[in-house]
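**Student:** One structure, pasted below without further comment.
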Amino acid sequence: MNLLSVKGLSVRYGPIIAVRHLDLDVDVGEIVCLVGPNGAGKSSSTLAIAGALLPSAGTIHLDGKDIARQPAERLAMAGVSLVPEGRRIFGRMTVQDNLIAACLPGRRPFDDPEIFSLFPILRERMGQFAGLLSGGEQQQLAIARAMLRKPRLMIVDEPSLGLSPRFVDIVFGALRQLRNQGVSLLVVEQSARRALGLADRIYLMRSGEVVMTGRSGSLAQDPEFEAAYFGKEAAR
Amino acid sequence: MNLVQLLVDSLALGSQYSLVALGIGLIFGVMRMINFAQGDLITFGAYMLVVPTVSDVAPPMIAALPTPLLIAATIAVVALAALLTERLAFRSVRRKGADGPTLLITSFAIGYFIQSVILFLNTGRPKSVSILPELSQQIVFAGVRVALVDLVTIIASLGLLLTVGLFLNRTRGGIALRAAAEDFLMARLIGVKADRVIAVAFLVSGALAGAVTLMFVAKTGVLDFRMGVPLAIAGFVATVIGGMGSLTGAVLGGFALGLASTLLQSLLPPDLRPARDAFLYGLVILVLLVRPQGLFVFGPGRERV
Numbered sequence: 250m251n252l253l254s255v256k257g258l259s260v261r262y263g264p265i266i267a268v269r270h271l272d273l274d275v276d277v278g279e280i281v282c283l284v285g286p287n288g289a290g291k292s293s294s295t296l297a298i299a300g301a302l303l304p305s306a307g308t309i310h311l312d313g314k315d316i317a318r319q320p321a322e323r324l325a326m327a328g329v330s331l332v333p334e335g336r337r338i339f340g341r342m343t344v345q346d347n348l349i350a351a352c353l354p355g356r357r358p359f360d361d362p363e364i365f366s367l368f369p370i371l372r373e374r375m376g377q378f379a380g381l382l383s384g385g386e387q388q389q390l391a392i393a394r395a396m397l398r399k400p401r402l403m404i405v406d407e408p409s410l411g412l413s414p415r416f417v418d419i420v421f422g423a424l425r426q427l428r429n430q431g432v433s434l435l436v437v438e439q440s441a442r443r444a445l446g447l448a449d450r451i452y453l454m455r456s457g458e459v460v461m462t463g464r465s466g467s468l469a470q471d472p473e474f475e476a477a478y479f480g481k482e483a484a485r
Numbered sequence: 002m003n004l005v006q007l008l009v010d011s012l013a014l015g016s017q018y019s020l021v022a023l024g025i026g027l028i029f030g031v032m033r034m035i036n037f038a039q040g041d042l043i044t045f046g047a048y049m050l051v052v053p054t055v056s057d058v059a060p061p062m063i064a065a066l067p068t069p070l071l072i073a074a075t076i077a078v079v080a081l082a083a084l085l086t087e088r089l090a091f092r093s094v095r096r097k098g099a100d101g102p103t104l105l106i107t108s109f110a111i112g113y114f115i116q117s118v119i120l121f122l123n124t125g126r127p128k129s130v131s132i133l134p135e136l137s138q139q140i141v142f143a144g145v146r147v148a149l150v151d152l153v154t155i156i157a158s159l160g161l162l163l164t165v166g167l168f169l170n171r172t173r174g175g176i177a178l179r180a181a182a183e184d185f186l187m188a189r190l191i192g193v194k195a196d197r198v199i200a201v202a203f204l205v206s207g208a209l210a211g212a213v214t215l216m217f218v219a220k221t222g223v224l225d226f227r228m229g230v231p232l233a234i235a236g237f238v239a240t241v242i243g244g245m246g247s248l249t250g251a252v253l254g255g256f257a258l259g260l261a262s263t264l265l266q267s268l269l270p271p272d273l274r275p276a277r278d279a280f281l282y283g284l285v286i287l288v289l290l291v292r293p294q295g296l297f298v299f300g301p302g303r304e305r306v
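So the protein sequences, as listed, match chains A and B.
Note that the numbering used here has the first sequence beginning at 250, numbered continuously upward.
Note that the numbering used here has the second sequence beginning at 2, numbered continuously upward.
Here's what the structure looks like:
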């Protein structure tokens with residue numbers, strides 16, 4: 250069953266079209282990766298789905314309800330969590346205050362044991378300023394912050410960016426664990442190799458459009474996939 | 002001039018400046034807008050103390066209430082007025098996607114609107130009003146005679162600063178406000194309601210303006226339709242020299258400005274004293290030339306709001 254269903258989504262910045270007629274689905278309990286080179290429109294798509302950007306055309310349905318014009322804070326309540334590009338943790342606040350700010354009444358407490366079992370380092374860092382954490386710790390905090398709202402759909406933009414392999418393993422492990430708990434994930438990833446290792450299904454974007462889509466297992470075997478990622482000229 | 006006397010004077014002046022600066026800083030944090038109407042809200046509160054009239058002698062209105070009610074009513078009407086400026090003016094401008102400069106002009110418009118209405122109802126002639134007469138006596142403090150109103154201003158301000166500090170650091174609403182001040186979009190993405198957090202900033206800011214109304218009028222006893230303007234400018238300057246975006250900086254900047262002003266007043270030769278503010282703001286320019294990031298910003302600011 251589709252949790253998220255995007256049809257004909259377009260995003261423009263003035264005259265510049267960042268995303269053109271994007272069709273994309275995410276099923277319940279599935280990890281879907283959005284892959285593509287810089288400037289392909291991946292981040293713009295995630296921002297539009299999470300309500301941070303107003304799409305210029307298209308529909309976005311969550312559980313059958315059109316959410317394309319809902320503001321970000323309403324979507325956060327409705328179960329869509331975006332961990333945006335660059336993580337955007339509140340650097341001048343402590344780790345604990347970052348978590349408290351994300352708590353909603355009646356959802357998880359900021360010191361939910363499940364979060365600490367996934368990211369034990371955060372418990373040690375509670376009193377520190379979040380801006381002083383390493384990149385990998387900040388990424389863990391950003392995901393923990395998104396988890397506090399018990400999202401049904403978590404969108405994570407480039408979780409591996411600038412992380413050492415050890416932290417990539419921790420973060421990807423956490424994403425898989427979330428999937429196993431029934432959370433659906435839409436993950437933006439620049440590295441096709443890493444995306445193939447993480448995702449159930451992949452959408453490959455280039456210049457604002459989806460140029461290829463399929464299950465990771467079949468795309469991994471497909472020589473066209475690499476060619477499409479780098480563009481036809483580069484592949485020749 | 003005695004040192005204790007100097008300290009009390011500068012702290013009393015500085016605490017008014019820092020309350021205004023904190024009010025401006027709170028709103029700047031969540032909207033990236035300098036609210037120049039902050040001073041005119043102080044004026045509005047002052048004129049609510051009396052019945053609006055074109056005659057030179059105004060009968061008391063809020064000023065006629067017993068002390069606790071008078072304090073509560075003044076703070077409440079100014080906080081409510083601040084909320085109304087947000088609800089009726091700033092919110093619709095913001096919804097249209099206005100940037101900081103547009104909002105700044107909006108705040109000027111609101112400020113002049115408040116001034117003009119007050120001018121129309123009360124004329125431009127200053128009026129006198131007496132509130133909190135029990136504060137007008139002098140007391141002996143640390144061997145020096147000081148005005149009780151100054152001491153009470155200092156203590157009340159410290160109490161207010163502490164309360165706002167606790168609110169920002171210890172309550173969920175305050176932490177959400179700080180989060181919104183640091184990264185407004187990210188705060189919305191984690192479910193912080195944009196309209197509510199901005200309304201809270203205006204409410205707190207308005208309550209602080211109401212407190213300044215009481216301190217200012219209790220000290221001077223004079224109403225003037227432009228009385229809030231110098232306070233708004235001082236508060237704005239305090240946020241700039243304290244480091245734009247840092248609330249702690251804004252508060253410290255207010256105290257620094259109060260100290261500099263009081264020092265100039267007592268150290269300048271008598272002939273130059275009327276030009277005190279020229280020296281004061283010359284000093285401010287000097288500070289900004291040396292430390293454009295603000296006096297009280299060290300490395301990554303700790304409590305940026």
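For every residue, glycine included, the Cβ atom is placed at its ideal position computed from N, Cα and C.
These figures come from a predicted structure and were not determined experimentally.
May I have the straight-line CA-CA distance separating Gly-236(B) from Arg-179(B), to the nearest angstrom?
**Tutor:** By 1-based counting over the second sequence, the position of residue 236(B) is 235. By 1-based counting over the second sequence, the position of residue 179(B) is 178. Cα to Cα, the separation comes out at about 20 Å.
**Student:** Does chain A have any CB closer than 9 Å to the CB of Gly-192(B)?
**Tutor:** One-based indexing of the second sequence puts residue 192(B) at position 191. Chain A contact via Cβ: present.
**Student:** Lys-528(A) by DSSP, collapsed to three states: which one?
**Tutor:** No answer is possible for residue 528(A): the residues shown for chain A start at 250 and end at 485.
**Student:** Residues in the stretch 346-370 of chain A with C-beta within 8 Å of chain B's C-beta atoms, listed in sequence order?
**Tutor:** So the close ones are Asp-346, Asn-347, Ile-349, Ala-350, Ala-351, Cys-352, Leu-353.
**Student:** Return the first residue and the last residue of the alpha helix (DSSP H) that Arg-374(A) is part of.
**Tutor:** Numbered from its first residue, the first sequence carries residue 374(A) at position 125. Here the alpha helix (DSSP H) through Arg-374(A) covers 369-374.
**Student:** Leaving out five residues on either side along the sequence, give the residues of the same chain with a beta carbon under 7 Å from the beta carbon of Met-34(B).
**Tutor:** To locate residue 34(B), count along the second sequence from 1; it is residue 33. Once the five neighbours on either side are set aside, the close Cβ partners of Met-34(B) are Ile-28, Gly-101, Leu-104, Leu-105, Ser-108.
**Student:** Put Phe-142(B) into one of helix, strand or coil per three-state DSSP.
**Tutor:** Here residue 142(B) refers to the residue found at position 141 when the second sequence is read from its first residue. Looking at Phe-142(B) - three-state DSSP - the assignment turns out to be strand.
**Student:** In this structure, what does DSSP give as the bridge partners for Arg-455(A)?
**Tutor:** For the purposes of this step, residue 455(A) is taken as the residue at position 206 of the first sequence. For Arg-455(A), which the question treats as bridged, DSSP gives the partners Glu-458(A).
**Student:** Sorted by chain position, which residues of the same chain lie with C-beta nearer than 8 Å to Phe-368(A)'s C-beta, five sequence neighbours on each side aside?
**Tutor:** As a working mapping, residue 368(A) is identified with position 119 in the first sequence. Gln-389, Leu-390, Ile-392, Ala-393, Ile-419, Ala-423.
**Student:** Closer than 8 Å is the cut-off here; do at least three beta carbon pairs connect the stretch 268-284 of chain A with the stretch 426-433 of chain A?
**Tutor:** Yes, the stretch 268-284 of chain A is in contact with the stretch 426-433 of chain A.
**Student:** Does the count of Cβ pairs from the stretch 322-337 of chain A and the stretch 403-417 of chain A closer than 8 Å reach three?
**Tutor:** Yes, they touch.
**Student:** If you follow the beta strand (DSSP E) that Leu-331(A) is part of, which residue opens it and which one closes it?
**Tutor:** Stepping through the first sequence from its first residue, residue 331(A) is reached at position 82. Element bounds for Leu-331(A): 329-332.
**Student:** If you run the structure through DSSP and keep just helix, strand and coil, what is Ala-289(A)?
**Tutor:** As a working note, residue 289(A) is residue 40 in the first sequence. DSSP places Ala-289(A) in coil when its eight states are reduced to three.
**Student:** Tell me, which residues are paired with Asp-494(A) by DSSP?
**Tutor:** In the structure as shown, chain A starts at 250 and stops at 485, and residue 494(A) therefore has no counterpart that could be examined.
**Student:** Using a C-beta to C-beta distance shorter than 8 Å, which residues of chain A count as neighbours of Glu-183(B)?
**Tutor:** Numbered from its first residue, the second sequence carries residue 183(B) at position 182. Ordered by position in chain A, the residues that pass the 8 Å Cβ test against Glu-183(B) are Phe-339, Gly-340, Arg-341, Met-342.
**Student:** My output table needs one value for Pro-362(A): the three-state DSSP class, helix, strand or coil.
**Tutor:** As a first step, residue 362(A) must be located in the first sequence, where it is residue number 113. The answer is helix: DSSP assigns Pro-362(A) an H, G or I state.
**Student:** Does the beta-carbon of Ser-16(B) have 16 or more other beta-carbons within 10 angstroms, so that it is buried, or is it exposed?
**Tutor:** On the second sequence, position 15 is the one that residue 16(B) refers to. Buried, by the Cβ-count rule.
**Student:** Are the CB atoms of Gly-290(A) and Ala-317(A) nearer to each other than 9 Å?
**Tutor:** What you label residue 290(A) is simply residue 41 of the first sequence in a count that begins at 1. What you label residue 317(A) is simply residue 68 of the first sequence in a count that begins at 1. Contact flag unset, no.
**Student:** Say whether chain B places a C-beta atom closer than 9 Å to the C-beta of Gly-263(A).
**Tutor:** Numbered from 1 along the first sequence, position 14 holds the residue referred to as residue 263(A). No, Gly-263(A) lies away from the interface with chain B (no Cβ there is under 9 Å from its Cβ).
**Student:** Within 9 Å of any Cβ in chain A, is that where the Cβ of Ile-63(B) sits?
**Tutor:** Residue 63(B) sits at position 62 when you count from the first residue of the second sequence. Cβ-Cβ to chain A under 9 Å: no for Ile-63(B).
**Student:** At 8 Å on the CB atoms, spell out the chain B contacts of Met-326(A), in chain order.
**Tutor:** Residue 326(A) sits at position 77 when you count from the first residue of the first sequence. In chain order: Gly-192.
**Student:** To which residues of the same chain is Phe-45(B) closer than 6 Å at the C-beta, ignoring the five residues directly before and after it?
**Tutor:** Within the second sequence, numbered from 1, the residue matching residue 45(B) stands at position 44. Excluding residues within five positions, the ones whose Cβ falls inside 6 Å are Ala-82, Ile-115.
**Student:** If you follow the alpha helix (DSSP H) that Ser-108(B) is in, where does it begin and where does it stop?
**Tutor:** Taking the first residue of the second sequence as position 1, residue 108(B) is located at position 107. Counting along the chain, the alpha helix (DSSP H) containing Ser-108(B) begins and ends at 101-123.
**Student:** Give a yes or no on whether the C-beta atoms belonging to Glu-87(B) and Phe-168(B) are separated by under 9 Å.
**Tutor:** To locate residue 87(B), count along the second sequence from 1; it is residue 86. To locate residue 168(B), count along the second sequence from 1; it is residue 167. Not a contact, by the Cβ cut-off of 9 Å.
**Student:** For Phe-479(A), count neighbouring Cβ atoms within 10 angstroms of its own Cβ and tell me buried if that reaches 16, exposed if not.
**Tutor:** For this step, residue 479(A) is matched to residue 230 along the first sequence. Exposed, because fewer than 16 other Cβ atoms sit within 10 Å of the Cβ of Phe-479(A).
**Student:** Checking contacts by CB at 9 Å: is Ala-267(A) closer than that to chain B?
**Tutor:** Residue mapping note: residue 267(A) aligns to position 18 of the first sequence, counting from 1. For Ala-267(A), the answer is no, since every Cβ of chain B falls outside 9 Å of its Cβ.
**Student:** Whose Cβ in chain B lies nearer than 8 Å to the Cβ of Ala-321(A)?
**Tutor:** Residue 321(A) sits at position 72 when you count from the first residue of the first sequence. Going along chain B in sequence order, the residues near Ala-321(A) (Cβ under 8 Å) are Leu-186, Arg-189, Leu-190.
**Student:** In its own chain, which residues sit with a C-beta less than 6 Å from the C-beta of Leu-136(B), not counting the 5 before and 5 after it?
**Tutor:** As a first step, residue 136(B) is located in the second sequence; it is residue number 135 there, counting from the start. For Leu-136(B), where only same-chain residues beyond five positions count, the Cβ hits under 6 Å are Leu-149, Val-150, Val-153, Ala-219.
**Student:** Using the beta-carbon count (16 or more within 10 Å), is Phe-121(B) buried or exposed?
**Tutor:** Taking the first residue of the second sequence as 1, we reach residue 121(B) at position 120. Exposed, by the Cβ-count rule.
**Student:** Taking only three categories from DSSP, how would you classify Glu-438(A)?
**Tutor:** Taking the first sequence and counting its residues from 1, the one referred to as residue 438(A) is at position 189. Strand at Glu-438(A).
**Student:** Report buried or exposed for Tyr-18(B), applying the criterion of at least 16 other Cβ atoms within 10 angstroms of its Cβ.
**Tutor:** Here residue 18(B) refers to the residue found at position 17 when the second sequence is read from its first residue. Buried is the call here.
**Student:** Measure the alpha-carbon distance for Glu-438(A) versus Ile-286(B) and round it to whole angstroms.
**Tutor:** Here residue 438(A) refers to the residue found at position 189 when the first sequence is read from its first residue. Here residue 286(B) refers to the residue found at position 285 when the second sequence is read from its first residue. Whole-angstrom Cα-Cα distance: 49 Å.
**Student:** Determine, for Arg-394(A), whether the minimum Cβ-Cβ distance to residues of chain B falls below 9 Å.
**Tutor:** If you number the first sequence from 1, residue 394(A) lands on position 145. Cβ-Cβ to chain B under 9 Å: yes for Arg-394(A).
**Student:** Report yes or no: do the stretch 307-326 of chain A and the stretch 154-165 of chain B share at least 3 C-beta pairs separated by less than 8 Å?
**Tutor:** Too few Cβ pairs lie closer than 8 Å, so no.
**Student:** Is the shortest distance between the beta-carbon of Ile-176(B) and the beta-carbons of chain A less than 9 Å?
**Tutor:** One-based indexing of the second sequence puts residue 176(B) at position 175. Chain A, which has a Cβ nearer than 9 Å to the Cβ of Ile-176(B), makes this yes.
**Student:** Give the straight-line distance between the Cα atoms of Leu-218(A) and Val-5(B), rounded to the nearest whole angstrom.
**Tutor:** Absent from the structure is residue 218(A), since the part of chain A shown begins at 250 and ends at 485.
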